[in-house]
RNA sequence: GGCGGGGUAGCCAAGUGGUAAGGCACGGCUCUGCAAAAGCUGCAUUCGUCGGUUCGAUUCCGACCCUCGCCUCCA
C-alpha cells in the first residue's frame, strides 16, 4: 500500500514519492523550537506529529534524515538575555537541554541533526549574498537587508504558494513594527537585521555591517545545507504557513539553487493547533501547560504522547486533563492485554509478527496518518485477544506472533510498555500478611491491610494467579 | 474585510453515496469472603439547521447558524 499525505502546496492528499530516484532516502525538516522559555504542550503536539511522521516513514522502509532546527537567536531571546545579564549561549543552553529532555520524555526520537542558527552564520550570509546578487534583496536606510517580494514576483516566481494571498488586501496589523518602516514595501521581510544598541553583545559581522539573521533565513540556509536545495518534506505548526514557510520558499527558490523543475520542498505538512480545556492556551486562563506542569500532577510522558496521538494532526485537538485520565485507563487496558499475551507466550521463541493487525494499522496510517483509525484497529484487536485468552483458545505460538506484531507497531507509535513499578519490600510484606489473613478467614484483618495499602497509594489485585500490588 | 478549518452519543474522536470505528464515562454480567482490579457485554434509527440532487445522504450541492485559526517573527 502506498503512503498518502496531505500537501499544503496542493491542498490535497497526495501519494508520497521521495525525490531520491532509488525511492529510499527521504529528507525531512521540521521547524523546531525557539529556546527562550520552556516549550509548551502545543509546541510538543507538533514535535510528536513530526516524530510519528518520521517513524512511519521508517516503517515504510525509507531511510529518513530528520532535521530539526534550534532557533537560538531572536528578539525575545535577546531581550531575556539582556534582562538576565548572562551570555546568549548560557541562556539558551538551559532551555535547549530542557527541551530535549521533554522530547525524550514524550518518546520522540532525537532528530539526526539539530542545527543552531548561531552556528550557521556563514551559510546564512552566503545565502543572503546570493539573493542580493540576484537583485532580490536590498539594504535599506536602517542598515538591514530585506527581501523584495516585488522583485521576486517580477521574475515570474509565485509568492503565495501555500495559501491564497491577495497582497493588496493584507491588513496591516499592529504587529508591524515601526523600526521596519525602512522597508520598500510592508510585505518585504528582513534577511539580516542591522545591529541596534538593544542587541548588546549579540551580533555578527557581515558584508552589510554588524547584525544578526532574520527569522526565516536560518531555516532556508540550514535545511538546504543539510538536505540539499530540494528535499522531500518540511513540517511545522499551521501558524508557520504564513509568513514563515512562504518566506522560506521565496528565499530558497529565489536563490535559484534548485535543479530545473525542482522546488525547494516537495511536500509541506502542517500540524493543527491545540486547545486546552476547550480554550486557547493562555496564562490568564490557567490552561497554559508546559510538560512539567503535567508530570507534576503525576501524568507520564507516555500518557501525554498517547493523548496527543489519538487525534488526526490536521484537526484542532482539545487537550484536557480528563482526556489525560482517559489516556491512562486506555493504556492500562492495552498493557493488561500485552501482559497476558506475554504470560501466554511464555517459553515461545521469537515468532513472525502476525500480519492482520499490522495490515489494519498500516492501512489507516497510509491514509494521511489516520492515527485515530489505527487505535481503533488496535483496540478491536485487544478485545479479540482478551476474548481468546479468556476462552483459552490462543496458543503460545499465536500469542508470540501477536506480541511480535505489537512490537513492530510500537516502533511507529512509540508508546512502549508501562514502566515496571515494583512495590517497596515493606509493602510486599504487608501484602503477604493479607494473603495469610485471608487464608485464615480473618477478613476483617485482611480488609484493614487492604485499606492501609490503599492509603499508601497501592491497590491489591486478586488475580487467579495470586495477589499483586499495583500503583493507584 | 480577506483566506482556511470545524460542528458525529455525557466527554474525546474516526468514517462512509447504502444505512454510524475506537477510547473515556455510565449500566449489566463473570470473577471475589466482600470488594477492587481485570475481562465480557450493553449504550447514537442518528451525524449543526433548512432546502435540493438521488431508489437511497451523515457522506454530494445550496443557503443559513455556531465555532476556531491565519492575515508579518506564535507550534
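Residue numbers (this note's numbering): 11 to 482. Note that CB positions come from ideal geometry on N, CA and C, so glycine has one too. This one's a predicted model, so the numbers in the text were calculated from it and none came from an experiment.
Q) Between residue 140 and residue 207, what straight-line distance do the alpha-carbon atoms span, to the nearest angstrom? A) Here residue 140 corresponds to residue number 130 of the first chain, with the count starting at 1. Here residue 207 corresponds to residue number 197 of the first chain, with the count starting at 1. Approximately 28 angstroms between the Cα atoms of the pair.
Q. Which residues share a DSSP beta bridge with residue 72?
A. The residue given as residue 72 occupies position 62 in the first chain. In the DSSP output, where bridge partners are listed per residue, residue 72 has none listed.
**Q.** Own chain, CB closer than 8 angstroms to residue 3, minus 5 neighbours either side, in chain order
**A.** In the structure displayed, the chain extends from 11 to 482; residue 3 sits before or after that span and is not available.
Q: Assign residue 15 to one of three DSSP states: helix, strand, or coil.
A: For this step, residue 15 is matched to residue 5 along the first chain. The DSSP-derived three-state label of residue 15 is strand.
**Q.** residue 171 classed as buried or exposed, judged by whether at least 16 other C-beta atoms fall within 10 angstroms
**A.** Along the first chain, read from residue 1 onward, the residue named residue 171 stands at position 161. Its Cβ being crowded by 16 or more others within 10 Å, residue 171 is buried.
Q: Could you pull the start and end residues of the alpha helix (DSSP H) that residue 376 belongs to?
A: Along the first chain, read from residue 1 onward, the residue named residue 376 stands at position 366. Run containing residue 376: 365-376, per the alpha helix (DSSP H) assignment.
(Q) If contact is defined by three or more beta carbon pairs under 8 angstroms, each pair taking one atom from either stretch, is the stretch 287-297 in contact with the stretch 246-265? (A) Because the criterion of three Cβ pairs below 8 angstroms is not met, the stretch 246-265 and the stretch 287-297 do not touch.
Q.
Taking 7 angstroms as the limit between beta carbons, can you name the residues of its chain near residue 145, skipping five residues before and five after?
A. Here residue 145 refers to the residue found at position 135 of the first chain. The residues are 161.
Q. Quick one, are the C-beta atoms of residue 117 and residue 311 less than 8 angstroms apart?
A. Residue numbering aside, residue 117 sits at position 107 when the first chain is read from its first letter. Residue numbering aside, residue 311 sits at position 301 when the first chain is read from its first letter. Yes, they are a contact pair.
Q. Cβ of residue 119 within 8 angstroms of Cβ of residue 101?
A. One-based indexing of the first chain puts residue 119 at position 109. One-based indexing of the first chain puts residue 101 at position 91. No, these two residues do not count as a Cβ contact at 8 angstroms.
Q) Of the residues 235, 241, 227 and 174, which one's Cα is nearest the Cα of residue 272? A) Residue mapping note: residue 272 aligns to position 262 of the first chain, counting from 1. Of the listed residues, the one whose Cα sits closest to residue 272 is 241.
Q: Between the Cα of residue 300 and those of 50, 37 and 16, spot the shortest distance and give me the residue it belongs to.
A: Position 290 of the first chain, counted from the first residue, corresponds to residue 300. Residue 50 is the option with its Cα nearest to residue 300.
Q. Would you call residue 34 buried or exposed, if buried means 16 or more other Cβ atoms sit within 10 Å of its Cβ?
A. Mapped onto the first chain, residue 34 falls at position 24. With fewer than 16 other Cβ atoms from the protein chains shown falling within 10 Å of its own Cβ, residue 34 counts as exposed.
Q: May I ask you to list the residues that DSSP assigns as paired with residue 477?
A: Counted from its first residue, the first chain places residue 477 at position 467. Looking at the DSSP output, residue 477 shares a beta bridge with 472.
Q. Does the Cβ-Cβ distance between residue 58 and residue 315 come in under 8 angstroms?
A. As a position in the first chain, residue 58 is number 48, starting the count at 1. As a position in the first chain, residue 315 is number 305, starting the count at 1. Yes, they are a contact pair.
Q) Hey, how far is the Cα of residue 185 from the Cα of residue 153? A) In the first chain, residue 185 corresponds to position 175, counting from 1. In the first chain, residue 153 corresponds to position 143, counting from 1. Note that residue 185 has pLDDT 42, beneath the 50 cutoff, so the model's placement of it is unreliable and no number is given.
Q. So what does DSSP say about residue 218, is it helix, strand or coil?
A. Taking the first chain and counting its residues from 1, one reaches residue 218 at position 208. Coil, per DSSP.
Q: State the start and end residues of the unbroken beta strand (DSSP E) segment that holds residue 22.
A: Taking the first residue of the first chain as position 1, residue 22 is located at position 12. That run of the beta strand (DSSP E) goes 22-25.
Q: Using a threshold of 8 angstroms, state whether the C-beta atoms of residue 282 and residue 326 are closer than that.
A: As a position in the first chain, residue 282 is number 272, starting the count at 1. As a position in the first chain, residue 326 is number 316, starting the count at 1. Taking 8 angstroms as the cut-off, the Cβ atoms of residue 282 and residue 326 count as close.
Q. Should the stretch 121-134 be regarded as contacting the stretch 229-247, the criterion being three or more beta carbon pairs within less than 8 angstroms?
A. Yes, they touch.
Q) Which term fits residue 482, buried or exposed, when burial requires 16 or more other beta carbons within 10 angstroms of its beta carbon? A) Position 472 of the first chain, counting from 1, holds the residue named residue 482. It is exposed - the Cβ of residue 482 has fewer than 16 other Cβ atoms within 10 Å.
Q) residue 467 to residue 432, Cα distance in whole Å? A) As a working note, residue 467 is residue 457 in the first chain. As a working note, residue 432 is residue 422 in the first chain. Going by the C-alpha atoms only, they are around 13 angstroms apart.
**Q.** Start and end residues, alpha helix (DSSP H) containing residue 316
**A.** As a first step, residue 316 must be located in the first chain, where it is residue number 306. First-last of the alpha helix (DSSP H) with residue 316: 311-318.
Q | Minimum C-alpha distance to residue 14 - residue among 32, 70 and 38 | A | Here residue 14 corresponds to residue number 4 of the first chain, with the count starting at 1. Here the closest residue by C-alpha is 70.
Q | Proximity of residue 231 and residue 137 at Cβ, strictly below 8 angstroms | A | By 1-based counting over the first chain, the position of residue 231 is 221. By 1-based counting over the first chain, the position of residue 137 is 127. Yes, Cβ-Cβ distance for residue 231 and residue 137 is below 8 angstroms.
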